[in-house]
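Novice:
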Amino acid sequence: MLELLLDTLIDAAKMLPFLFLACLLVEVAEHRQNGRLMRLLSGEGKIGFLAGAVLGTVPQCGFSAMAANLYAGRVITLGTLLAVFIATSDEAFLVLLASPGALPALGGLIAVKFVLAAGTGFAVDFLLRRRLVRAGVVADHEQIHCPCEHEEGEQSVWRAAVLHTLEVLFYVVVFSFVIHVAMEYFGGELLTGWLSRTRLLQPILAALIGLIPNCAASVLLAQLYLSGAITFASLAAGLSSAAGIGLVVLFRSNRGLKKNLLITAALFAVSAAAGLVLSVF
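Mapping the sequence shown onto the UniProt record's numbering, position 228 (from 1) lands on 228, and the numbers just tick up by one.
1. Mapping the DSSP letters down to three states, classify G210 as helix, strand or coil.
2. Using DSSP with H/G/I as helix, E/B as strand and the rest coil, what is A111?
3. F63 to G56, Cα distance in whole Å?
4. Leaving out five residues on either side along the sequence, give the residues of the same chain with a beta carbon under 6 Å from the beta carbon of L267.
5. Between the C-alpha atoms of N34 and F251, what's the straight-line distance to the nearest angstrom?
6. Can you tell me which of the three DSSP states residue 282 falls into?
7. Given V58, which residues of its chain have a CB within under 6 Å of its CB, disregarding the five upstream and five downstream residues?
8. What residue from G244, I76, L201 and L97 has the CA that sits closest to residue 288's CA?
9. R255 by DSSP, collapsed to three states: which one?
10. Our contact map puts A92 next to A222 with C-beta atoms below 8 Å; I'd like the distance itself, whole angstroms only.
11. Could you check which residue in A53, S99 and S89 has the C-alpha nearest to that of T77?
12. Round the Cβ separation of I230 and A272 to the nearest angstrom and send it over; I've been treating them as touching at under 8 Å.
13. Indicate, with yes or no, if the ligand MN has a heavy atom lying under 7 Å from the CB of L267.
14. Using 8 Å as the cut-off, can you tell me whether the stretch 93–107 makes contact with the stretch 208–215, which would need three or more C-beta pairs spanning the two stretches below that distance?
15. What are the start and end residues of the alpha helix (DSSP H) that includes Y225?
16. What is the DSSP secondary structure of T77, counted as helix, strand or coil?
17. So, A72 versus S253, is the Cβ gap smaller than 8 Å?
18. Expressed to the nearest angstrom, what Euclidean distance is found between the alpha-carbon atoms of N69 and L163?
19. Given that a residue counts as buried once 16 or more other Cβ atoms are within 10 Å of its Cβ, and exposed if not, what is A269?
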């Protein structure tokens with residue numbers, strides 16, 4: 001149990017800089033009402049999704065947490081958020097990289113996830129362009145928010161960013177620890193059993209597993225692929241929906257439970273569909 005707690009704290013420490021940076025950027029944008037800064041961070045509303053897809057390929061789940069915070073602050077678009085979520089694969093890439101025989105599969109996986117992330121991000125932003133989903137170009141400044149109290153002065157910006165970071169970090173640690181314990185004592189065997197029952201539904205089941213907001217889920221998927229228990233298509237589906245702790249931060253920081261559930265459903269649907277298509281080839 002102590003080892004699980006230590007692992008949880010280590011994971012939280014890794015993402016701490018990203019969480020702080022995200023909240024600080026939102027605080028600065030809101031405090032200064034600087035449209036130029038927000039346009040820059042959102043890729044001018046045109047290529048933000050592409051930057052998100054590139055950023056997400058870096059094996060670090062902190063980027064998904066950072067993206068969730070920036071979306072909650074309306075600094076990036078929904079398309080950019082989904083691009084980061086889909087491209088993110090955290091430690092799973094490292095597991096595959098450590099196995100020389102899996103290097104070709106790793107290259108293919110990165111390519112598939114990047115194309116899927118960029119394509120989804122572009123499609124979402126294009127379809128929602130008339131709804132003014134761009135956080136940096138909203139007319140009403142009140143839409144840009146960070147769940148902290150704001151005061152005047154530069155010092156209050158740093159204070160608010162620190163307080164919000166600690167608040168979210170505490171929530172992440174508690175939730176991650178519960179997931180770690182569940183995965184350690186019965187989750188791994190249960191998930192493996194699900195996947196081994198049928199190859200037809202593997203991509204769908206793998207995409208469901210990927211939604212578990214913890215790096216352990218993606219590592220499990222990578223290990224199952226290396227052992228031959230799941231196909232490449234299922235691996236791609238599972239790791240495309242695996243946004244790490246980003247979903248936890250999204251539900252914690254972004255107002256609107258229905259909207260957050262729809263985002264999660266979209267992430268799952270795109271990932272599962274991609275896996276099913278890949279399974280045909």
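Quick reminder that beta carbons are idealized off the backbone N, C-alpha and C, glycines included.
Specialist: Looking at the coordinates:
1. helix
2. helix
3. 7 Å
4. F85 and S241
5. With a pLDDT of only 47 at N34, under 50, the local geometry of the prediction cannot be trusted, and the value read off the model is given with reservation. The alpha-carbon of N34 is positioned some 26 Å away from that of F251.
6. One cannot answer for residue 282 here, as it falls past the ends of the chain, which runs 1 to 281.
7. In its chain, beyond the 5 residues on either side, no residue has a beta carbon closer than 6 Å to the beta carbon of V58.
8. The structure shown does not extend to residue 288, since the chain is modelled only from 1 through 281, so no value can be given for it.
9. R255: coil per DSSP, three-state reduction.
10. With a Cβ gap of about 4 Å, A92 and A222 count as contacting.
11. A53
12. Contact flag wrong, Cβ pair sits at about 14 Å.
13. The ligand MN is not among the ligands present in this structure, which contains no ligands whatsoever.
14. no
15. C215 to L226
16. Three-state DSSP puts T77 in coil, outside helix and strand.
17. yes
18. 14 Å
19. exposed
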